[in-house]
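Asker:
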Amino acid sequence: EAGVAQSPRYKIIEKRQSVAFWCNPISGHATLYWYQQILGQGPKLLIQFQNNGVVDDSQLPKDRFSAERLKGVDSTLKIQPAKLEDSAVYLCASSHRGLASGNTGELFFGEGSRLTVL
Amino acid sequence: DQQVKQNSPSLSVQEGRISILNCDYTNSMFDYFLWYKKYPAEGPTFLISISSIKDKNEDGRFTVFLNKSAKHLSLHIVPSQPGDSAVYFCAAYGRGTSYGKLTFGQGTILTVHP
Chain A
1 EAGVAQSPRY KIIEKRQSVA FWCNPISGHA TLYWYQQILG QGPKLLIQFQ NNGVVDDSQL
61 PKDRFSAERL KGVDSTLKIQ PAKLEDSAVY LCASSHRGLA SGNTGELFFG EGSRLTVL
Chain B
119 DQQVKQNSPS LSVQEGRISI LNCDYTNSMF DYFLWYKKYP AEGPTFLISI SSIKDKNEDG
179 RFTVFLNKSA KHLSLHIVPS QPGDSAVYFC AAYGRGTSYG KLTFGQGTIL TVHP
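So the sequence lines, in the order shown, correspond to chains A and B. This note's numbering applies: residue 1 is where the first sequence begins, and numbers increase by one. This note's numbering applies: residue 119 is where the second sequence begins, and numbers increase by one.
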């Protein structure tokens, strides 16, 4: 079974430029997550999709970050314009269902996209 | 507001000995707890979990203990192996909500010396 695919693996941009990250979840997984992991910190949830609908985007800086999941499969996370503090690893994860009662909470993560903003 | 805390940034252990990683949480709505393991340049991978109705869960060399009254959990690795060297994240969520949100701790870097 193929895992969660993410691209690009690495990206270096100047502040105020834009960047986009792509994620292809595990086939059949309805729930997709984008996490931001700043160096020395744990992953922080940015946005969660159930199929192609947003379930939680409370921690997404909506003035500069946007995400979509067209057709309930692939997803794109965009940052425009980027700031220095956006330097982080952006992790995409998927699960068969959301973390509702009865689920184990196991998320399957991709390798991440490391963003450096200069 | 750090709802899940791992107060030890790093831990160094000799091969064959026990590794104990600790985690504290503040949100009483959390009722499911997980440990993830992360190697450099890879995404986190699920290791072991425990429900709040239990106080212990074992899987091979890995055991997670939960003390609900103290809002504390720990991961024991016995015996520790060099391949266990990685960053370990504690995570938690409340299953009572519709979809829940997995909240992670800051991570502990475990180094197992041969």
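Glycine included, C-beta positions come from ideal geometry on N, C-alpha and C.
What separation, rounded to the nearest whole angstrom, lies between the Cα atoms of residue 158(B) and residue 221(B)?
Answerer: As a first step, residue 158(B) is located in the second sequence; it is residue number 40 there, counting from the start. As a first step, residue 221(B) is located in the second sequence; it is residue number 103 there, counting from the start. Between residue 158(B) and residue 221(B), the C-alpha separation is close to 21 Å.
Asker: When you compare the CB of residue 101(A) with every CB in chain B, is at least one pair closer than 9 Å?
Answerer: For the purposes of this step, residue 101(A) is taken as the residue at position 101 of the first sequence. Reliability of the predicted coordinates at residue 101(A) is poor, the pLDDT of 47 falling under 50, and the value obtained from them is presented with this limitation in mind. Chain B has a Cβ within less than 9 Å of the Cβ of residue 101(A).
Asker: Against residue 40(A), what residues of chain E qualify as contacts under a CB-to-CB distance less than 9 Å, listed in chain order?
Answerer: Absent here is chain E; the protein component of the structure consists of chains A and B.
Asker: Do you know whose CA, among 35(A), 21(A), 61(A) and 3(A), lies nearest residue 27(A)'s CA?
Answerer: In the first sequence, the residue the question calls residue 27(A) occupies position 27. The candidate whose alpha carbon is nearest that of residue 27(A) is 3(A).
Asker: Identify each residue in the segment 159-176 of chain B for which the Cβ-Cβ distance to at least one residue of chain A is less than 8 Å, and report them in chain order.
Answerer: 159, 160, 161, 162, 163, 164 and 167
Asker: So with Cβ pairs under 9 Å, would you call residue 91(A) a contact of chain B?
Answerer: Here the question's residue 91(A) lines up with position 91 in the first sequence. For residue 91(A), the answer is yes, since a Cβ of chain B falls inside 9 Å of its Cβ.
Asker: Using the C-alpha atoms, what's the distance from residue 143(B) back to residue 80(A)?
Answerer: What you label residue 80(A) is simply residue 80 of the first sequence in a count that begins at 1. What you label residue 143(B) is simply residue 25 of the second sequence in a count that begins at 1. Those two C-alpha atoms are separated by around 34 Å.
Asker: Can you tell me the Cβ-Cβ gap for residue 167(B) and residue 149(B), rounded? I've got them flagged as a contact below 8 Å.
Answerer: Locating residue 167(B) in the second sequence gives position 49, counting from the first residue. Locating residue 149(B) in the second sequence gives position 31, counting from the first residue. No, residue 167(B) and residue 149(B) are not in contact; Cβ-Cβ is about 11 Å, not under 8 Å.
Asker: Quick one: grab the DSSP three-state call for residue 84(A).
Answerer: Here the question's residue 84(A) lines up with position 84 in the first sequence. Helix.
Asker: Check whether the Cβ atoms of residue 120(A) and residue 32(A) lie closer than 9 Å to each other.
Answerer: For residue 120(A) there is no data in the structure shown, the boundaries of chain A being 1 and 118.
Asker: Looking at the structure shown, is residue 191(B) part of a helix, part of a strand, or coil, going by DSSP?
Answerer: If you number the second sequence from 1, residue 191(B) lands on position 73. Strand, per DSSP.
Asker: Which value, in whole angstroms, describes the spacing of the CA atoms of residue 50(A) and residue 85(A)?
Answerer: Working through the first sequence from its first residue, we reach residue 50(A) at position 50. Working through the first sequence from its first residue, we reach residue 85(A) at position 85. The alpha-carbon atoms of residue 50(A) and residue 85(A) are separated by roughly 28 Å.
Asker: Rounded to a whole number of angstroms, what is the C-alpha to C-alpha distance between residue 39(A) and residue 114(A)?
Answerer: As a first step, residue 39(A) must be located in the first sequence, where it is residue number 39. As a first step, residue 114(A) must be located in the first sequence, where it is residue number 114. Approximately 10 Å, taken between the alpha carbons.
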